[in-house]
Structure formats: structure tokens, C-alpha cells
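Residue numbers (our numbering), protein chains in the order written: chain A, 33 to 340; chain B, 33 to 340; chain C, 33 to 340. Where is the CB? At the ideal position from N, CA and C, for every residue including glycine.
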Amino acid sequence: MNLKLEKHLNIAPEVAKALAEGKAVVALESTIIAHGMPYPKNVETAREVEDLIRAQGAVPATIAVLDGVIRIGLDEAALEKLGKADNVAKLSRRDLPLIVAQKGDGATTVAATMICAAMAGISVFATGGIGGVHRGAENDFDISADLEELAKTPVAVVCAGAKSILDLPKTLEFLETRGVPVVGYQTDKFPAFYCRDSGLDAPLTADTATEIAGMLAVQQDLGYQGGAVIANPIPESHAMDRAEMDGVIASALGSATKDGIFGKAITPYLLGKIVELTKGRSLESNIALVKNNAVLAANIAKDLSTLG
Amino acid sequence: MNLKLEKHLNIAPEVAKALAEGKAVVALESTIIAHGMPYPKNVETAREVEDLIRAQGAVPATIAVLDGVIRIGLDEAALEKLGKADNVAKLSRRDLPLIVAQKGDGATTVAATMICAAMAGISVFATGGIGGVHRGAENDFDISADLEELAKTPVAVVCAGAKSILDLPKTLEFLETRGVPVVGYQTDKFPAFYCRDSGLDAPLTADTATEIAGMLAVQQDLGYQGGAVIANPIPESHAMDRAEMDGVIASALGSATKDGIFGKAITPYLLGKIVELTKGRSLESNIALVKNNAVLAANIAKDLSTLG
Amino acid sequence: MNLKLEKHLNIAPEVAKALAEGKAVVALESTIIAHGMPYPKNVETAREVEDLIRAQGAVPATIAVLDGVIRIGLDEAALEKLGKADNVAKLSRRDLPLIVAQKGDGATTVAATMICAAMAGISVFATGGIGGVHRGAENDFDISADLEELAKTPVAVVCAGAKSILDLPKTLEFLETRGVPVVGYQTDKFPAFYCRDSGLDAPLTADTATEIAGMLAVQQDLGYQGGAVIANPIPESHAMDRAEMDGVIASALGSATKDGIFGKAITPYLLGKIVELTKGRSLESNIALVKNNAVLAANIAKDLSTLG
Ligand SMILES: [Mn+2]
Ligand SMILES: [Mn+2]
Ligand SMILES: [Mn+2]
């Protein structure tokens, strides 16, 4: 790592040791901590996810920006600060350099976590779901920066697909045009976060973590630009039925129209409605799928570390 | 070439020798062999195209993935295997790493051929036509990964433009936004595969292979990201009339609507209808234009090899 | 700089000296000279803008292609030639390599100026406004190559936002998806060229040149891909009222429909109508905002040179 980069990164000792020894490391994002759940549930869950990764024999590296320093792996104090603060910026690619220059605090989205992971030399990252093409994007061009990042930065994102409040067919088209491998893990369907099956085909399929690690090793060998989406369906035990979820989303979209919600306000409104209409089951499902992804990511990272 | 890359590439002796000596090499794709024509016509045509390139004093390098190895230049056995197999995957950027990891077989599209050619150090590639923005892409975002690859990978693609079943005005806009040079060879019109003139202007024009090689040399000198489209109109002798072709496509689109074909199924349906409606003339035209492009590509590659 | 690149670049002595000494340099584009204003007003204005940059203690580097050479800094003769010629090509990314190979002349747009500036090692560039997503782009895909360049090339573009004949909400969405920082200078609104406020929020805000230089230094340290938009509102003294400007544009759009103008012809038509409807005030405003941007760019470049 060059000196100019190094001065902006703080790599936790546990992570630095694993990287130096070529051991398995799994990156984790921090918007779920800062913006996705209330305190102290957010910090508890973050610790549980980290411990699950350790239990698999890999090292977790939760990523955030604190006092302008890019932190790769958060200690207890950092995690508490992030979990309790109520004015932490949400950082995507465009936001990261200014917050670092301003010595501010920020939680990293999928895009920004990928960037920071790549800087630290981490190639596998577990999260809930990726951003995508928003419904109506054919008219307002609202497309998540996560998708561009996947085409640019060599980090595999293990997720449960993307939420079906997004336009999933367009999201898959965008990823195809950009050349991003989207691999269904033990499924030939693209999962839709709360549901195991979006009704759309997964463009690629792999049955084992070893097979996925093999693909990532080839990407590295070939100097491939960009990462990969590893789409891991939510565990059956916590999955919602697709027809039910379609109904919930249709109902939420109907309320949005009735309440005159549009543009940027739509996504948080819909997410709120989903929590309400599913009576909190969606939060439990969310935690379950993140843990499920953390375990798969740890196993992929372990296999990859033996192939390096 | 680094060792990690090298272990996935197999460069045929004829090609390796030419590259080592700085001689002219022309890449060729393999989807036309595996998916574009029936056996043995496909293998015969592939050999004829290769021989045409040799007759110009350049070396052909047909590209495919066999048993997980990226082959740059196919021997007799490889070509036969590819020509006869009926379950060869069609590889674009997103598909290549997994098929290599799985030790599978695949035929390379324009995008994947560009990637493999660049890995081997080949800068000129001849094919029939490039992919593009599909009709209706403003609603379904269906845009070929070939276009993104052209913005990324430093390989010049010599083609007869793009088929007019695509949305050609949008295709040219996309290439302009992405900064890809689109050069009409001896024409100021963008050709439309079977027709010499799509009715749209070619953004740039060059009259000789030497002039095109000069542009490619400048791109290399400047470290330019991305390749170029060299748009070479189909020979007059095999060209179809634009009005006739517009009629054929309108009729094919009408049948598609009547037969309830849409989405992904549209393109193969339209291509089939065109063969039917042109009573096979389209296949002859296709072969003629590929050969025409191979000759031009060989001459560009030869001129470029003297400028290196 | 490598030898192959060097043979295509001619860096003026004043600029070369400043770069060698790590002093502040500001790039300037040349389409405003060749295509934006009549002679001799164009050459006079170019000199005034350069002198303003020198008065701030930085060195101006106006960029153009003359006789196939990329000129970084224009002497008197070059500026006169560019200002008087009436057949100078307008160069974007796709056009540059061929014009260099053909030993032709060309004026550089925002995209091409960024490319040439980056080649010479210049990181700050002042202009009037950036290109954007055109109105109607959801149907015709007409999107300026400037936006892609901002996502690719590490040069900060100091501008007065973008003209509101463009679709500004889509322009900001596109830049967000591509991860480009868009920083309002002393404003939390995105400016619209002639107007200080487009009605849209600036995604980021900075109050001082030093803060902006700090962000650019972080981008460099992190090896960030892409540049930044520094959006500097037109000085109050020359600003037009947003309601007035909206009226002017609505009227110009109405005339375009009535006169049957569409497609590529729309933008020049609208710009002509705006000059006509504002009775030439728009040209004065244009000059005032370019000068304002030059001064800010010089100050950012100076601060950045102390951070290197
Ligand atoms: Mn968005
Ligand atoms: Mn497609
Ligand atoms: Mn345009």
C-alpha cells in the first residue's frame, strides 16, 4: 500500500494481521448500523454478525469513516459511536473524499464499502442487499451507484439479491450491460431480499463456496475490472412468500400515490410501509439474511485464501 | 504477460510467434462458429476467413474457451469441437470467469473476444457486427455489453456496423457518450450490416487502412481507455437495399407482435424471420461481410505493426 | 511522462516550468474560443481569462489541437489561429485520436480538455458550464460525453453548473450513479449557468477553496477514479432571475416546436434563441461567469499545490 493512501486508512490489528498472513477477511458495511436499525439493536447485531464470521474461521472488517479516517475494522468505541450518533452521513462514492477531507464521520453504503475494502486488499464483502435501478428510472434516471461500483471495483458482494421495491428486471439488464457476474448460490433464480425467488433467472449459478471462490480467483488472475454479485437467497425459515410480498409492495405503492409521495421520498416511504405492513417481520428477516450472507462470505473468503 | 494470467491462456504457436515478432495479428470471435451457422458450414467459413487473413500477410487468432482454457488461435481439433458441439455457452464479460473456473467450454461474443484479445496483446479484431442498444431499451434497458466493452478495452472492432433490428440512433448516442470512436471506412454513413447505409451519419471517416492504423497508434500512445468501431460497409455485390431491409424488419416486427413475442425472445425471433423473409440471402451476405472485414482488419493490423 | 505520450504533447514553457516546480496550473478549454464567440472578442476574452489566473498567482494552460499536436498552453499565434479559423473541429473523447493522427486542428470540449489536462498532469480546469443529460434523453439517449469523462478522468472542473436547457435533475442523477462529487461552492443549491440556483440541491457543499483543494488531495491520495464538478454560481451582478430564465427557455422551446426543430438541431437553436430573447445579456453573463470560475480555479489550484 502506498504512503499517500496509508495515511487515510486505519486497519484494525485483527484485520491487519489476517491480511498480512493471507488469511480470510470479510468486509461489512456500516449504513445498516448507522441508518438501518435503532440502538442498541444495531450494535448488538453488528457484533453477532462479526462473531459469526469469526466462528467460520475468517476475520470481519466493518468499514466506516470516523474523524476523517477510513476505518477497516471497528473497535468497541467506534461501533458504539456509530450506533448512537444520529447525524452520521451516508457515504457513497461521490461523498467519501469530502468527508475524509472535512475529518467527518460517515457510514459506508455498498459502493463506498467496496471502495474501502479494495483499498485495504479485501475481496469479499457481506451485506443485506445491493442497490439497483429504481422503479421509474426510465423517466428519472435514479440508479444506485452500487451498480456502477460493481462494474469498477474488484470486490465480491454477497447479498440476498435486491429489494423488489426496485425494478429488478432493469437492475439485471444494467448489470449485464456492465459485465458484472451475478451468481445465484444454490439457485437458478435471482433472489429478492425477503423472498427467495424474484421470478427472474439468475444469470449464473454456483453450488458451492469453493466454486464461487474459484471464479473470484480467475477474476483476480485475469486482472478483471469490477466485482461480482453473489446472490444468496434468504433462509427458508425467514423467507416471505413472493405473492404476499408483491401484495405488500403494491399496497405500499398505492399508499404512496394516495399520500402524494414521489421522487427521492419514495424509497424510505416504501421501506417504512413494508415494516408496518409486515408488522416488523421484515426486520427479523433482514437480520436473518445478513447473518446468512456473512457465513457464506466467510466460507468464500476462506476458500479464496487457499487459492491466492 | 504475468504468470497468473498466463496460466489461463493458451496461445497457438502461429499466433505466439507473430506476437513475439511484432507482426500483424487479427482476432476473430467464435459465437459465429458455435451459434451463428450450422456444421460444417461454420467450420469451413471459419477456415476461409482465417486463410483470407493469412493471404493478406497477417495471422488469425480465433478465440474461444475450451476446457476452461482461453484459447487464442484454434487448431483443427478445437475448431471441430466448437463447430459440432450443441451446448457451448455464449460468453460475454460477465460469463467468462465462471466458465474458466468450471473448466467449461464457451464461444466468445464481441465483448469477451475483445477482453481475451487485449489479454494476449492483440489490438485488431474482425467480426460481422457489434451488439447495440435494443429497440425498446428506453423501457427495458436492454443494451449489449459489447458497447460498454468498446469504452473499456483497447481493441479496434472491424465490423459492418450493427443490425438494424437494433435501435441504431440510440446505439450511436451511447457510443458518443462513452467516447468510442466510430469510423466509417470510405463512407460518411454508418452501415447497417446487410445494408451499406443506415441513413445515419458515421461520426468519423477514414479513407485508408493506414489512416485507421494511425488513429489506433495514437490511442495506444496516449494510453487511451477503450477501443474503436471500424465500420466497413458490406460489399456492394452482397448488399441489400435499405428500403427492402426496412420492409423485411417491419414485417418481422409485425409478426412478432402478432405471435406475442417480446423481451429476450425478440432478437432470435427477428433474426430467424429475416433469414426466412430474405430466403437465405442474409446468410450469404453475412459471410461476405465477415470476409470483407477480415481483409480490412488484416490490412489495419499490418499497418499498425509498422507504427508500433 | 512516457516518450510515446510526449511526442503528441507540446507544453508551453510557462506551463512546463510551473508543472516542474509543482506550482498551480489551471487548464482552460478552447471550444469557447473557436465556437463560442466571434473574433476578436473570443481571443480578447481568452487573454483576459488567462491574465486573471496569472493575477491570482497560477499559470493558465489553454488546451487545443493544432497540426495534430496537443497544445497545453497557447502562444499568441496559436490563439489567433484558433480564434480566426472557421473550420476547426469540435473535439470530444471520441474525436481526439483521429484528429491527432490526421495532423488536424481542433478545439477541445470539457471532456477532451479533461483528457489532455490529465495527460499533462494538470488537475484543475475552469470553464463555463458542463454538458449534461439533454431534455428528452429518456427517449433519444442524448447524454454529453462530459459526464462520462467526469467519472473517469481525475480533473476537477470548476463551472457555473449546467445550462437549464438541459435536463438538470437527470444530469445530477447520472453524476450520482457514476460517483462524481458535485460540490456547490458557498451554496447548497446546484447553479444553472445564468442563474445562481437551479432549484435543485447541490449534493455537497464547501465554503472555501482550501476545503475543495482538500477534497481533491484526498481523491489523489486514494487513487480515486474520476474528477469532480465544482459548481460556482454566477456572480450576483450578472445573474439572471430563475423565473425569467425559465420563461425564456419555455419560449425558446415553444419556438422550436413551432419551427419544427428537433434532435441534434435543438441545442444550437435554443442557445441562439436565448441570446436573442435576452438581447445579448446572456453573452455578458457568460463571460462574467467564466472569469469568476477562473479565479476560483486558480485559488483551488494554489491550495492544492501546497498539499501535494
Ligand atoms: Mn439514487
Ligand atoms: Mn441484452
Ligand atoms: Mn450528444
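| Query | Result |
| --- | --- |
| Amino acids of chain A, ordered along the chain, whose beta-carbon sits closer than 8 Å to that of Phe206/C | Phe173 |
| Residue interval of the alpha helix (DSSP H) (run including Thr141/C) | Taken as a continuous stretch (DSSP letters only), Thr141/C belongs to no alpha helix (DSSP H), as it is neither H nor E. |
| Touch test, the stretch 256-268 of chain C against the stretch 172-184 of chain C, Cβ-Cβ under 8 Å, three pairs minimum | yes |
| Buried versus exposed, by CB contacts within 10 Å (16 or more), Ser230/C | buried |
| Whole-angstrom distance between Asp137/A and Val250/B, CA atom to CA atom | 45 Å |
| Leu111/A burial status per 10 Å Cβ neighbour count (16 or more: buried) | buried |
| Phe294/C versus Glu170/A - alpha carbon distance | 21 Å |
| Residues sharing a beta bridge with His166/A, DSSP | Leu198/A |
| Continuous alpha helix (DSSP H) assignments of at least 4 residues falling wholly in the stretch 199-229 of chain A | 200-209 |
| Chain-ordered neighbours of Pro186/A on chain C, where CB pairs are closer than 8 Å | Residues of chain C passing the Cβ test: none, with the nearest at roughly 13 Å. |
| For review: beta carbons within less than 6 Å of any heavy atom in ligand 2 | Glu208/A, Asp174/B, Ser176/B |
| Proximity below 7 Å, CB of Ala139/C to CB of Val187/C | no |
| Beta-carbon proximity of Leu236/B to Val212/B, cut-off 7 Å | no |
| Cβ-based neighbour list, Ala284/A, same chain, cut-off 7 Å, excluding 5 preceding and 5 following | Leu302, Lys305, Ile306, Leu309 |
| For Asp291/B, the three-state DSSP class (helix, strand or coil) | coil |
| Positions along the stretch 193-220 of chain C whose CB lies within less than 8 Å of some CB in chain A | Pro201, Lys202, Glu205, Phe206, Leu207, Glu208, Thr209, Arg210, Gly211, Val212, Pro213, Val214, Val215 |
| C-beta contact flag for Ala330/A and Val58/A at 7 Å | yes |
| CB contact below 7 Å: Gln88/A versus chain B | no |
| Of the residues Ile131/A, Gly54/A, Tyr71/A, Asp239/A, the one placed nearest Ala245/C, counting alpha carbons only | Ile131/A |
| CB contact below 7 Å: Pro223/A versus chain C | no |
| Check whether Ala90/B and Ala333/B have beta carbons under 7 Å apart | yes |
| Ile147/A to Lys135/A span [Cα, whole Å] | 18 Å |
| Where the stretch 247-271 of chain A meets chain B: residues whose CB sits under 9 Å from a CB there | Met247, Leu248, Ala249, Val250, Gln251, Gln252, Asp253, Leu254, Gly255, Tyr256, Gln257, Gly258, Ala260 |
| Three CB pairs or more closer than 8 Å across the stretch 157-166 of chain C and the stretch 57-75 of chain C | yes |
| Between the CA atoms of Val280/A and Leu232/A - distance to the nearest angstrom | 19 Å |
| Per-residue contacts from Lys122/B into chain A (C-beta, under 8 Å) | Going along chain A, no residue has its Cβ under 8 Å from Lys122/B, so there is no contact; the nearest lies around 12 Å. |
| Contact under 7 Å by Cβ, Ala194/B with Asn264/B | no |
| Meets three-Cβ-pair contact criterion under 8 Å: the stretch 97-109 of chain C and the stretch 39-56 of chain C | yes |
| Among Ala275/A, Ala288/A, Asn325/A, the one whose alpha carbon lies nearest that of Tyr217/A | Asn325/A |
| C-alpha gap between Arg125/C and Leu336/B, whole angstroms | 21 Å |
| Test: Leu232/C CB closer than 7 Å to a CB of chain A | no |
| Contact under 7 Å by Cβ, Glu205/C with Asp178/A | no |
| Start-to-end residues for the beta strand (DSSP E) that takes in Pro92/B | 91-98 |
| Met247/C vs Ala133/A beta-carbon contact at 7 Å | yes |
| Member of Glu208/C, Leu60/C, Thr289/C whose CA lies at the smallest distance from the CA of Asp189/C | The sequence shown places Val at residue 189/C, not Asp. Looking at the Cα atoms, Leu60/C is the closest of the given residues. |
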